[in-house]
Structure formats: C-alpha cells, structure tokens
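In what follows, a single structure is set out as structure tokens and then discussed.
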Amino acid sequence: MKMQIGVLYLIIAMLLGWTNLALAHEFSPTIEPSPAIHILVVDGTKTFSSTIRVAGIISLLRQMGSFEVAVHLADMETDFEDPLAGEIPQQNQGPFDLILILPRGLDTKMDVSIWLVSDGLYSLSPCVRVAVGLVSNVVDQFFTSASQTIDVSEDLWPGFLWAAYLSKGWIR
301 MKMQIGVLYL IIAMLLGWTN LALAHEFSPT IEPSPAIHIL VVDGTKTFSS
351 TIRVAGIISL LRQMGSFEVA VHLADMETDF EDPLAGEIPQ QNQGPFDLIL
401 ILPRGLDTKM DVSIWLVSDG LYSLSPCVRV AVGLVSNVVD QFFTSASQTI
451 DVSEDLWPGF LWAAYLSKGW IR
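Dropping the structure here:
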C-alpha cells in the first residue's frame, strides 16, 4: 500500500512540475516555476549496495528538477547520532529546506531509522510540505525492508535535529 502511495506521489509531483514549466513557458514570461527545494543528503552508509541505493536516490531527486541536492559523507555509529555535530556549513552550502540522514547499517540491520529533518509541517511552504512526503516515499522505495523514513510528524528526533541545525545555519 505504501509503495502504491509513493508511486502516486512521484507521478503527481512530476505532472505538477511539467505543468508548471509548460504554463510558465507558454502563457506568460512573468509566471516563474516554483523554486527548487534545497536538500542535503547526509550519507552514513558503508556498504557498496547501500552506496548504490543512495546514489539512486540522489540521481532520482535531481532528475525530477524540483530539487537541488547536496551530499555530505558522515561517519555515524548509531541511528540517533548527530552526523553534523561540530561542523558548520561551507560558504556555498545551506541553508537547506530538508536534510535527509541515511545512517550506517541500512543493509546489515533491520528497523533502522532514516531521518528527514525539516521545520514543523504546518510552518513549511506548500511545495516543501509536498516534498517531505515525496522524498519520504522515494527513500522508502529504495530501502523497502531495512528501514522507514521518519519526519517531524512521526517522531521528536527530527524536530530536535532541526532546532540544532537551525542555530548552526544548516537549515531554514
């Protein structure tokens, strides 16, 4: 069921993007496409198969055209470790709309939590709110049996990370 919803989100997002671009190009030069959603993918995976899956996620998000994706490699031991602790964004990075944290152990353990960090869903713009569901479903398609993507509507940890990253300039 979740797989069907993910595919539905993907199709709807692609249709909305194409429609938005077609209308902007055809009818008026003053209509601009929706702004790109900036997402940071924090990759803590260590196995070859996980790395290939992460590369597939990044490639798919970039191909959609609605996402500008940056990647940060991290060395994490647990699901609940802050992979950006003690680091500050570089000049050409951030702030991001979303931060996707893919922890170590996605291939070796079951029930690993993938964290999708953002502001509270009601404070996000409609585009970013839709992107949260879309990114969550895309990631769940790539890591179907090993994990589940969890956002601020499902757990407190992404909210705590958002507060920490906001103060350091990683996220909006």
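Residue 400 in the working numbering sits at position 100 of the sequence shown, and the numbers go up by one each step. For every residue, glycine included, the Cβ atom is placed at its ideal position computed from N, Cα and C. Computed from a predicted model, the values in this text were never measured in an experiment.
In this structure, does DSSP put residue i in helix, strand or coil?
i: D440; result: helix
i: S359; result: helix
i: S418; result: coil
i: L461; result: helix
i: L466; result: helix
i: S425; result: coil
i: V452; result: coil
i: L406; result: coil
Would you mind giving the Cβ-Cβ distance between residue i and residue j, rounded to the nearest angstrom? I have them listed as a contact below 8 angstroms.
i: S418; j: L398; result: 5 angstroms
i: I471; j: L416; result: Not a contact, Cβ separation roughly 11 angstroms.
By Cβ distance below 7 angstroms, which residues in the same chain neighbour residue i in space, the five residues on each side in sequence not counted?
i: L360; result: V438
i: S467; result: none
i: Q393; result: A370
What residues in its chain sit with their C-beta under 8 angstroms from that of residue i, if we drop five residues either side in the sequence?
i: L461; result: D382, I399, I401, W415 and V417
i: I337; result: S366, F367, E368, D397, L398, C427, V428 and A431
i: P335; result: C427
i: L421; result: R429, V432, D451, V452 and S453
i: G469; result: I388, P389, G394 and P395
Can you list, in chain order, the residues of its chain with a C-beta nearer than 6 angstroms to that of residue i? Leave out the 5 residues immediately preceding and following it.
i: G459; result: V452
i: F443; result: L406
i: M364; result: none
i: R362; result: V369
*Count the C-beta pairs between the stretch 376-394 and the stretch 355-362 that are closer than 8 angstroms, then say yes if the count reaches three, no if not.*
no
*asked:* Across the stretch 339-349 and the stretch 371-381, are there enough close Cβ pairs to call them in contact, namely three or more that are closer than 8 angstroms?
replied: yes
*Starting from the N-terminal side, write out each stretch of the beta strand (DSSP E) that is 3 residues or longer and does not extend beyond the stretch 347-402.*
367-373 and 398-402
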